[in-house]
Each structure stands twice: as structure tokens, then as C-alpha cells.
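Undergrad: According to the working numbering, the sequence shown is numbered sequentially starting from 181.
Take this structure, written in C-alpha cells, and hold onto it; I'll ask about it next.
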Amino acid sequence: MTAIVVSIISSLLNLYILILLIRVVLDWIQLFARSWRPTGVVLVLANAVYGLTDPPLRQIRRFVPLVRLGGVGIDLSFLVLWFGIVIVRRLLLLLV
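The following block contains the structure:
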């Protein structure tokens with residue numbers, strides 16, 4: 181029973197990592213193609229992706245400040261969330 185629950189949670193964490201990857205792609209598209217605006221199915225997908233990833237990223241940004249490199253600020257909240265999910269997933273798999 182425990183193995184099934186851990187497997188389901190691990191799969192959900194993998195799905196969330198995939199959603200984070202989709203967010204990275206959407207952010208890079210918006211960065212390089214400033215005039216691009218999602219429409220249709222892509223708009224629905226983008227809204228779902230941002231809706232699922234924004235709340236945890238906002239919470240992490242409250243505690244992790246921007247890293248300043250010259251005139252550029254680097255947001256590390258994405259990496260903190262990514263590594264946090266990977267660590268939680270590894271710990272779950274160790275329980276089985």
C-alpha cells in the first residue's frame with residue numbers, strides 16, 4: 181500500500197517538474213519574441229502552467245532575494261523549487 185502511494189506522489193512530482201519545464205519554455209519564448217502572445221489552446225495551457233507554478237514561486241521569492249550581477253538580477257526561486265522537488269522525490273523513493 182505504501183509503495184503505491186509513494187509511486188503516485190512520485191509521479192505527481194514528475195508531472196510538476198514537466199510543468200516547470202513548460203514554464204521555462206514559455207518564459208524563454210516571451211523573452212526572445214516580445215510580440216508573441218499565446219492564443220487558443222496555447223493560451224489555455226499557458227494560463228494553467230502559470231496558475232500552477234506562480235504560487236510556490238511567489239512564496240519562495242519572499243525568502244530568496246534576487247542575485248545581482250552587474251545590472252542584471254537573477255531570480256533563483258525557480259532553481260530552489262526545482263531542487264526542492266527533486267530532493268523530496270528522492271526522499272520519498274528512499275522510504276520504499
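All C-beta atoms, glycine included, are put in the ideal place defined by N, C-alpha and C.
Predicted, not measured: the structure shown is a model, and the values here were computed from it.
With a threshold of 8 Å on Cβ separation, who are the neighbours of Val186 within its own chain once the five nearest residues in sequence on each side are excluded?
TA: Leu272, Leu273, Leu275, Val276
Undergrad: So, with DSSP's three-state summary, where would you put Val252?
TA: strand
Undergrad: Can you tell me where the alpha helix (DSSP H) with Pro219 in it begins and where it stops?
TA: One detail in the question is off: residue 219 reads as Thr in this sequence, not Pro. Taken as a continuous stretch (DSSP letters only), Thr219 belongs to no alpha helix (DSSP H), as it is neither H nor E.
Undergrad: Using three-state DSSP, classify Val276 as helix, strand or coil.
TA: coil
Undergrad: When DSSP labels each residue in this structure, what does Val247 get in the three-state scheme?
TA: strand
Undergrad: Around the C-beta of Arg217, are 16 or more other C-beta atoms found within 10 angstroms, so that it is buried, or is it exposed?
TA: By the Cβ neighbour-count rule, Arg217 is exposed, with fewer than 16 other Cβ atoms within 10 Å of its own.
Undergrad: Three-state secondary structure (DSSP) at Ala213?
TA: coil
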